[in-house]
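Residue numbers (our numbering), protein chains in the order written: chain W, 1 to 121; chain L, 1001 to 1483; chain H, 2001 to 2422.
For each residue, glycine too, the CB sits at the ideal point set by N, CA and C.
None of these values were measured; they are calculated from a predicted model.
Taking it in order: structure first as C-alpha cells, then the write-up.
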Amino acid sequence: MARETCELTCINCPLGCPLVVTLEDGKVVSVTGNTCKRGEVYGRKEVTNPTRIVTTTVPVDGSDRERMLSVKTASDVPKESIFAVMEALANVRAQAPVQIGDVVLANVCDTGVDVVATKSA
Amino acid sequence: MDVGSYDVVIIGAGVSGCAVARELSRYDAKVCVLEREEDVCCGTSKANSAIVHAGFDAQTGTLMAKLNVEGNALMWQLAKDLDIGAIQCGSLVVCTDESARDGLDELLARGKANGVPDLRIVEREELKEMEPNISDQAVAALWAPSAGIVDPFGLTIALAENAAQNGVEFEFCREVTSVRAEQDGTWLVGTTAGDVRARCVVNAAGVYSDAIHNMVSSQKISIIPRKGEYLLLDTTAGQHVRHTVFMLPTKMGKGVLVSPTVHGNLLVGPTALDVDDPESTDTTAEGLAEVAQKCALTVANVPLREVITSFAGLRAHQPDHEFIIGEVADAPRFVDCAAIESPGLTASPAVGKMVCNEVCAILGLKERPEGEWIATRKSIPNLNIISFEDWAKLCEEDPAYGRVICRCCRVSEAQIITMLHRPIPVRSLDAIKRRTGATMGRCQGGFCSPKIMEILERELGMEPESITKAGPGSEILVQKGGE
Amino acid sequence: MEQHDVVVVGGGPAGLAAAISAYEAGSTDVVVLERDVQLGGILNQCIHNGFGLHTFKEELTGPEYAARYEDRLKELGICCLMDTMVLDVSPERVVTAVNTDRGVFSIQAKSVVLAMGCRERPRGALNIPGFRPAGVFTAGTAQRLVNIEGQMPGKEVVILGSGDIGLIMARRMTLEGAHVACVAELMPYSGGLKRNIVQCLDDYGIPLLLSHTVTRVEGKRRVEAVWIAQVDEKLRPIAGTEKRYPCDTLLLSVGLLPENELSRAAGIELSPITRGPVVDERLQTSVEGVFACGNVLHVHDLVDYVSQEAAMAGRMSAQYAQGDSGEGSAARGIPLVAQGGVRYTVPAFIAPERMDQKTTVRFRVDNVYKNKFVCVYLDDQRIMRKKRQVLAPGEMEEVVLKQEHFAERDGVERIVVTLEEG
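In C-alpha cells form, the structure reads like this:
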C-alpha cells in the first residue's frame, strides 16, 4: 500500500494552519493540524483537486467614478485554469451601471462558475 | 535643414546658463538656450547643498572668491524679485579640536580679506545657545550671518521663466554634438536635433563644459566630475539645526555639512569622490554610510531614521579649483562659463552678470528700452506657510486650491496646473516636483504620482504611457497587454 | 463655527466602522472627512479575497468588504465629505479641512476619531544605493496603478520585502502578464501572512529569498537591473553573494508607517515603537476627546481587527461627545509593559474601574518564536499563560483581559505582557 503525506499551509483564513494530509493509494485518509472544518476540506481538496478564487479587474465604460471594475470568480475554479480565466477576461469590458454581484462573464472557461462584479460602478 | 539663427546660443540650462540667459534678456538680442535634458536644472544645479555661501572658503584674489561674495550680496534681492525660497539663516564652521583652532582664525582672516561682512568667532557657550544640538566636541565656530540657503530648483526655474518671459528661447532634449567656426565668423552649433547658428556661444555645460570647450580651443581644459552624496531627512527633522553647520577640517579629514533646507527638510552631506563618468549620479553604499557617520562629528543625534531619500550630484571640478569665465583666447566670440563648482550656486547671479557683460562687449548689444523688460516673476503660493484665511481666499479665486494632491508637501491641483502652463514646458513628474514640491515628501510620490499622472493626462492630453519621471527613457508605465 | 458631535478623520475601514458605531451608540451627529473621492480607503484597491472572515463569516474582496460598511453608513444617513483633506486638528478639537466646494473650513467637534491609516515606507528610507530611475514603486502604488487606473507599471519585476502587499502584488503582476523574478526579504522570516506565501508565491513558482536584500539599482532612466545579495545575521550584505537580476521594475513592500502628521501637530503623544498615538483602553489619545483606531494607531494585518478596534473607538467617542465619560475619565490608567519579546501593546494603559467586561490587548513580537507562552502579570502576579505554537512579527497577537482579573486587586501598578519558555 502506497502511503504518503503532504505538508500544507491552509489558506482559508489568515491563521494559516500547518496541515498534514495523509494519502493511501492516492486517497486522503486523514487531515491533521487544522483548527476548523474548513481546514480539513481544504486539505482534502488541495492534494486532489486544488482550486482558487480568481480576482482581477476589467475596464468599465460609462462610469463617472471608475475606469476599472473589480471582479472575482463567484466560487473557486481549478487552479490550473487560473490563466485561462485571465485570458477569457482579457477582452471583456463592463458597461455601467454595474452592481456588486452582477455577472460580468457567465460560466467562465466552462467551469460552471460566473465572474461577478465586486464593486458597483 | 532649417537652421535657427541667434545672436547668442547658451549651451546648458543649469543655474549658470539660466542666469546668463536672464541677464542677456535685458538686451536687444536673439538668445537661445540649448539643453540636452527635458527641463532646466537637471545636472549639477539640481543635486547640491543648496547653500548660499558667505565667501570665506575661496582663496583671496580668485574669481571664485569675488563672485561668491558678489553673488551672495545679489541673491537676497534676486530671491524677492523672482519670488523664490531663500533664507539668510547664517552658517557656522565648527571647530571640534582645540588644537585646530588656528584654522578658524585663518578662515576669519580670509573671509575679511574677501569682503565677507560681519564674520566673527563664537565660543562654545554661545555656539551651544545658537545651535542646541551641536556636538559636545565643538569648541568654537566661525559665524557668518550673511550665509543662507536657497531653493536651487526654484532659482534656476525662476531665472529661466523670467528669461523666457523676456523672449529667450529654450530648446530641450537637444544635446550639442559639435561647435564649428564658420567662414563668416559665426558659430555653427550641431545638436542631436539639427544645427543652430550663433554670433556668440556661451559654454555653460557643467560637467561637460570641458568637452564643449575642447571642441573649439587648442588650449584644452579638463573637468573631473566630483561626486557628492547626500541624505535628505523628513521635515520632522528640519529643525534639528537652525543654521548651516560645516565642519572645520581636522587631521581626521573633512566633515559633511548639516543644514536646514528652504523646504523645511534637513540635508546632510556631501562626500567628495572624483569619478570618471559624468553620468554617474548613482549613490553608493560606502558614500551614504560615510555621510551618516560624519554628520555626527559636528551635530549630535541627527535623526537618521527620518531619512526620506538619498541622492548624488556631480560638481564640475577642475584641477586649478577656479571658475573659467571669459572669451576663449583662440576662439573669438566663444565664451566659457565653465568649471562652475561650489560655490557656483551662490555665485550664479554674479556669474550671470559677468558673462553677460562679456557677451555684450563682444557683440555690442544694447539694453532694451525701459518698460520692455520684465524684472520680476511670480511663483505659486506656498500652502505650507500661508494662513488658513489666505488659503481660503485662494480657494475662492480657484477652487482647485481646495484639492490637495500631494499631502506630504501640501500641494494643490491649482499649483500643479499653474506650473503646467508656464513659459518653460513641463512634461515629467520630476519637472513638477522641482516646481511645486509634489512627490518630494515623506511618501516620495507613492500617494500623489498616480494623481499627477491623471492631471497630465487631462490638462495636456498626454497618453499615460508617455508620461516620464524625467524625460524620454524614463517612462513610468509600460504598455498593457502584448509586447 | 460649524459644530458636530463626532468628527471622523478618514473614510477607510477604520473610519467607516468608527462612524457607524458612534452613531449606533447614540451620537447621530457624525461627520466623516475623506480625502479620496470615494469611501473605503485602501480596500478599493485590494481587489483580492480574504477579507471579512471574522466579521461576516464569509470571504469577501476588499471592495465588497468596504461596500458593506458604506451601505450601512448610507442607511444611517451619516454625513461624509469626500475629496476633503484635513489640515489640522487642534487640542481643543477644532478640525480644519479643505475641499473644492467649501474651500478651507473648520468644525468644532465634541470628540474626534483619528482614522488616517498608514503609508508605505518609500525607497529613500532604505538607502538602497544606485540611481533613482523610473520603475521603482512601492507595492501599494503599483497596486493602485494596476487595479484602479488599469495601467501596467512593468513587465519584468523584482520585489523587495515580503509584506502582504508585496506578496499580493507578486500574484497580481503575474496574472497581468508580468514575470516576477523573485521576492527578496531582508529578515530570515517573511513579513506577510503564511497563506499569502502559499497562494501568491508558491502557486506561481515565485521564489522567496529570505535573508536577502537589494544592494544596488542599475539604470539611469528606467530600472535595468537590481543586484540582490544574501545578508548575515546582522543584516549586512555578504560579499560575493551578489547576483544581478535584469528587470524593469522594483516593487517595495518594506513596511507601513502610521500616518500621524495630524496627531503630531495636535500635540498627541506618539509611541516610538508603533509610531501611532499612545492610547488607553478606550482608545483615547493623550489629548482628551481625541480617539484613534486602525492603522494610524498601529499597523494591522487584518481588516477585521481594524473594524473591531474602530467600533470601540467610535463607541467611546460617542460616549465622550455625550458627556458621559464615566468614572475616572481623566486618568490614563495602569500602564502596560511590553517585555520578553513583546514589542508593544495597544492599549498602553488600562483603567479597570472604567473598562468594559473585556479589553482586547493587541501586540506584536520582535522575532519568530516557537512553543512559547504568552503571559500576563499584574505586578508580580501571573494571571494568564497561553501557549502559542508559532509567533511571528508579521502576525498580530492578542490577549483578552477581563474585569474579573482585577477583582479584589487594588493598587496594581503595572500590567506586564511577556513571552516565556515552555
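Nearest-angstrom Cα separation, counted from residue j out to residue i
{"i": "residue 2306(H)", "j": "residue 2295(H)", "result": "7 Å"}
{"i": "residue 1231(L)", "j": "residue 1269(L)", "result": "6 Å"}
{"i": "residue 69(W)", "j": "residue 115(W)", "result": "12 Å"}
{"i": "residue 1233(L)", "j": "residue 1399(L)", "result": "32 Å"}
{"i": "residue 1394(L)", "j": "residue 2190(H)", "result": "48 Å"}
{"i": "residue 1244(L)", "j": "residue 1141(L)", "result": "12 Å"}
{"i": "residue 1483(L)", "j": "residue 109(W)", "result": "Interpretation of residue 1483(L) is limited by its pLDDT of 42, a score under 50 that renders its predicted location unreliable; no figure is taken from the coordinates."}
{"i": "residue 1001(L)", "j": "residue 1179(L)", "result": "Any reading at residue 1001(L) needs caution, since the residue's pLDDT is 48, under 50, leaving its predicted position unreliable; the model's value is listed next. Distance between the alpha carbons of residue 1001(L) and residue 1179(L): 17 Å."}
{"i": "residue 1163(L)", "j": "residue 2089(H)", "result": "43 Å"}
{"i": "residue 2259(H)", "j": "residue 2355(H)", "result": "28 Å"}
{"i": "residue 119(W)", "j": "residue 2052(H)", "result": "15 Å"}
{"i": "residue 1012(L)", "j": "residue 1043(L)", "result": "9 Å"}
{"i": "residue 1216(L)", "j": "residue 1341(L)", "result": "22 Å"}
{"i": "residue 1315(L)", "j": "residue 1229(L)", "result": "11 Å"}
{"i": "residue 1370(L)", "j": "residue 1026(L)", "result": "10 Å"}
{"i": "residue 2057(H)", "j": "residue 2386(H)", "result": "25 Å"}
{"i": "residue 2198(H)", "j": "residue 18(W)", "result": "11 Å"}
{"i": "residue 2187(H)", "j": "residue 2369(H)", "result": "14 Å"}
{"i": "residue 1076(L)", "j": "residue 1086(L)", "result": "7 Å"}
{"i": "residue 1366(L)", "j": "residue 1028(L)", "result": "6 Å"}
Proximity to residue i [Cα-Cα], best of the options
{"i": "residue 2182(H)", "options": "2168(H), 2209(H), 2193(H)", "result": "2209(H)"}
{"i": "residue 1386(L)", "options": "1143(L), 1362(L), 1032(L), 1411(L)", "result": "1411(L)"}
{"i": "residue 1210(L)", "options": "1362(L), 1429(L), 1317(L)", "result": "1317(L)"}
{"i": "residue 1191(L)", "options": "1143(L), 1173(L), 1202(L)", "result": "1173(L)"}
{"i": "residue 2228(H)", "options": "2247(H), 2221(H), 2222(H)", "result": "2247(H)"}
{"i": "residue 1352(L)", "options": "1363(L), 1421(L), 1225(L), 1014(L)", "result": "1014(L)"}
{"i": "residue 2405(H)", "options": "2422(H), 2394(H), 2377(H)", "result": "2377(H)"}
{"i": "residue 2215(H)", "options": "2159(H), 2263(H), 2331(H)", "result": "2159(H)"}
{"i": "residue 1322(L)", "options": "1062(L), 1030(L), 1018(L)", "result": "1062(L)"}
{"i": "residue 1464(L)", "options": "2153(H), 2097(H), 2117(H), 2130(H)", "result": "2153(H)"}
{"i": "residue 2141(H)", "options": "2103(H), 2250(H), 2304(H)", "result": "2250(H)"}
{"i": "residue 2116(H)", "options": "2410(H), 2008(H), 2235(H)", "result": "2008(H)"}
{"i": "residue 2102(H)", "options": "1312(L), 1330(L), 1396(L)", "result": "1396(L)"}
Residues that DSSP places opposite residue i in a beta bridge
{"i": "residue 2085(H)", "result": "2098(H)"}
{"i": "residue 2039(H)", "result": "None, per the DSSP bridge assignment."}
{"i": "residue 2179(H)", "result": "2156(H)"}
{"i": "residue 2291(H)", "result": "2113(H), 2284(H)"}
{"i": "residue 2106(H)", "result": "2096(H)"}
{"i": "residue 2277(H)", "result": "2270(H)"}
{"i": "residue 1143(L)", "result": "1092(L), 1120(L)"}
Cβ separation of residue i and residue j, assumed to be a contact under 8 Å, to the nearest whole Å
{"i": "residue 2342(H)", "j": "residue 2419(H)", "result": "6 Å"}
{"i": "residue 86(W)", "j": "residue 2336(H)", "result": "Actually they do not touch by this definition, with Cβ atoms about 48 Å apart."}
{"i": "residue 2146(H)", "j": "residue 2172(H)", "result": "6 Å"}
{"i": "residue 1262(L)", "j": "residue 1149(L)", "result": "5 Å"}
{"i": "residue 1039(L)", "j": "residue 1350(L)", "result": "That pair is no contact at about 24 Å."}
{"i": "residue 1335(L)", "j": "residue 1203(L)", "result": "7 Å"}
{"i": "residue 1337(L)", "j": "residue 1016(L)", "result": "5 Å"}
{"i": "residue 1120(L)", "j": "residue 1139(L)", "result": "The Cβ separation is near 15 Å, so there is no contact."}
{"i": "residue 2032(H)", "j": "residue 2019(H)", "result": "5 Å"}
{"i": "residue 1054(L)", "j": "residue 1113(L)", "result": "Rounded, the Cβ-Cβ distance is 13 Å, inconsistent with contact."}
{"i": "residue 2046(H)", "j": "residue 2062(H)", "result": "3 Å"}
{"i": "residue 1405(L)", "j": "residue 1480(L)", "result": "Incorrect: roughly 24 Å between the Cβ atoms, too far for contact."}
{"i": "residue 2268(H)", "j": "residue 2350(H)", "result": "Residue 2268(H) to residue 2350(H), Cβ: 19 Å. No contact."}
{"i": "residue 2278(H)", "j": "residue 2363(H)", "result": "The Cβ separation is near 14 Å, so there is no contact."}
Q) Using a beta-carbon distance cut-off of less than 7 Å, what residues from the stretch 2312-2342 of chain H approach chain W? A) none
(Q) Output needed in chain order: residues of the stretch 59-73 of chain W with a Cβ under 7 Å from some Cβ in chain H. (A) 59, 65, 67, 68, 70, 72
Q: Using a Cβ-Cβ cut-off of less than 8 Å, give me the residues of the stretch 2030-2044 of chain H that come near chain W, in sequence order.
A: Listed in sequence order: 2037, 2038, 2044.
Q: Taking only beta carbons into account, state which residues of the stretch 1296-1308 of chain L come closer than 7 Å to chain H, listed in chain order.
A: 1307, 1308
Q: Could you list the residues in the stretch 2094-2110 of chain H with a C-beta less than 7 Å from some C-beta on chain L, going in chain order?
A: 2096, 2098, 2099, 2100, 2103, 2104
Q) Listed from N- to C-terminal order along the chain, which residues in the stretch 2138-2155 of chain H have their beta-carbon within a distance smaller than 7 Å of any beta-carbon of chain W? A) Within the stretch 2138-2155 of chain H, those residues whose Cβ lies closer than 7 Å to any Cβ of chain W are, in chain order, 2147, 2148, 2149, 2150.
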